[in-house]
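Residue numbers (our numbering), protein chains in the order written: chain A, 1 to 114; chain B, 1 to 114.
Note that the Cβ used here is the ideal one computed from N, Cα and C, for glycine as well.
Here the structure is a predicted model, which means the values were calculated and not measured.
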């Protein structure tokens, strides 16, 4: 069965510090991978998605970047955090082929920038 | 552009009563529709999807959804609500083939009272 992991679960970082959030998927090959941010416990904003190793598409311009160094690893980074980067970050995956279409989400990382 | 709307910010229902969470969609072409549930400080959990076929879709935890093409709706239903169904519910629509992205509604908070 497929599993998706995210770490850390919570993070408190000062403004201007770097960020690295990691997401890994088990039990599936060549998944599509996604990073979302959820503010104030409501709407989801798609930040990045990837259809393969090294292939990153950005949905909104911002202070963040993403990388996919391995097939089932997705990393969200920032060189200098802003207060507005605080939020709940969710990683998700979907099958790259086969017509399943639905996305499966990790447990999330709560980021507080102080 | 593909979009979904959840007209209710919150739904209150007594335990044992039927639960309905509303969702309307706007798409070009055939809609691929999804429902997710989110418990506090957790990732989203996939409940069910409509791709094609029977208009009544059955999903996890006793939930079902009815696809109505003429009313462009995809309402989530449960015949008898439980207190443990209290959570945030999201409707989503597939945004397009590229990257299998989803567009989410704003979410509806469900409160089931004992």
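Quick one: which chain A residues come within Cβ less than 7 angstroms of residue i?
{"i": "residue 101 of chain B", "result": "46 and 49"}
State the CB to CB distance for the pair residue i and residue j, rounded to an integer number of angstroms; the pair is presumed to be in contact (CB under 8 angstroms).
{"i": "residue 13 of chain B", "j": "residue 81 of chain B", "result": "5 angstroms"}
{"i": "residue 11 of chain A", "j": "residue 111 of chain A", "result": "5 angstroms"}
{"i": "residue 61 of chain B", "j": "residue 33 of chain B", "result": "Rounded, the Cβ-Cβ distance is 18 angstroms, inconsistent with contact."}
{"i": "residue 49 of chain A", "j": "residue 64 of chain A", "result": "Incorrect: roughly 13 angstroms between the Cβ atoms, too far for contact."}
{"i": "residue 57 of chain B", "j": "residue 85 of chain B", "result": "Residue 57 of chain B to residue 85 of chain B, Cβ: 18 angstroms. No contact."}
{"i": "residue 92 of chain B", "j": "residue 4 of chain B", "result": "6 angstroms"}
{"i": "residue 78 of chain B", "j": "residue 63 of chain B", "result": "5 angstroms"}
{"i": "residue 89 of chain A", "j": "residue 114 of chain A", "result": "Not a contact, Cβ separation roughly 16 angstroms."}
{"i": "residue 95 of chain B", "j": "residue 108 of chain B", "result": "Not a contact, Cβ separation roughly 20 angstroms."}
What residues of chain A sit near residue i, judged by a beta carbon separation below 9 angstroms?
{"i": "residue 34 of chain B", "result": "101, 102 and 103"}
Which residues in chain B have a C-beta closer than 7 angstroms to the C-beta of residue i? List them in chain order.
{"i": "residue 42 of chain A", "result": "106 and 107"}
{"i": "residue 86 of chain A", "result": "The premise fails here: residue 86 of chain A is roughly 14 angstroms from chain B at the closest Cβ pair, so nothing lies under 7 angstroms."}
{"i": "residue 106 of chain A", "result": "43"}
{"i": "residue 94 of chain A", "result": "100"}
Taking residue i as part of the beta strand (DSSP E), name the residues at either end of that continuous run.
{"i": "residue 10 of chain A", "result": "10-13"}
{"i": "residue 4 of chain A", "result": "3-7"}
{"i": "residue 63 of chain B", "result": "Run containing residue 63 of chain B: none; DSSP gives neither H nor E here."}
{"i": "residue 82 of chain A", "result": "Element bounds for residue 82 of chain A: n/a, residue is neither H nor E."}
{"i": "residue 56 of chain A", "result": "55-58"}
{"i": "residue 52 of chain A", "result": "44-52"}
{"i": "residue 103 of chain A", "result": "Here residue 103 of chain A belongs to no beta strand (DSSP E), and DSSP marks it neither H nor E."}
{"i": "residue 70 of chain A", "result": "65-70"}
{"i": "residue 32 of chain B", "result": "From DSSP, residue 32 of chain B is part of no beta strand (DSSP E); its letter is neither H nor E."}
{"i": "residue 38 of chain A", "result": "32-38"}
{"i": "residue 45 of chain B", "result": "44-50"}
{"i": "residue 22 of chain A", "result": "19-26"}
{"i": "residue 95 of chain A", "result": "Segment: none, residue 95 of chain A is in no beta strand (DSSP E) and carries neither H nor E."}
{"i": "residue 25 of chain B", "result": "24-26"}
{"i": "residue 82 of chain B", "result": "Counting along the chain, residue 82 of chain B falls outside any beta strand (DSSP E), and DSSP gives it neither H nor E."}
{"i": "residue 12 of chain B", "result": "10-14"}
Chain B partners of residue i, CB-CB under 8 angstroms?
{"i": "residue 110 of chain A", "result": "41"}
Give the interface partners of residue i over in chain B, defined as CB-CB distance under 9 angstroms, in chain order.
{"i": "residue 8 of chain A", "result": "The contacting residues do not exist; residue 8 of chain A stays about 13 angstroms from chain B at best."}
{"i": "residue 90 of chain A", "result": "43 and 44"}
When Cβ atoms are compared, which residues of the segment 41-70 of chain B fall closer than 8 angstroms to chain A? Taking 8 angstroms as the Cβ-Cβ cut-off, the segment 41-70 of chain B approaches chain A at 41, 42, 43, 44, 45, 46, 49 and 51, given in chain order.
Closer than 7 angstroms, Cβ to any Cβ of chain B: which residues of the segment 50-63 of chain A, in chain order? Taking 7 angstroms as the Cβ-Cβ cut-off against chain B, the residues of the segment 50-63 of chain A that qualify are 51 and 57.
Can you find at least 3 beta carbon pairs, one from the segment 14-23 of chain A and one from the segment 40-59 of chain A, that sit closer than 8 angstroms? Too few Cβ pairs lie closer than 8 angstroms, so no.
Listed from N- to C-terminal order along the chain, which residues in the segment 15-34 of chain A have their beta-carbon within a distance smaller than 7 angstroms of any beta-carbon of chain B? Taking 7 angstroms as the Cβ-Cβ cut-off against chain B, the residues of the segment 15-34 of chain A that qualify are 32.
Inspect the CB distances between the segment 75-89 of chain A and the segment 63-82 of chain B and report whether three or more fall short of 8 angstroms. Three or more Cβ pairs closer than 8 angstroms define a contact, and the segment 75-89 of chain A falls short of that threshold against the segment 63-82 of chain B.
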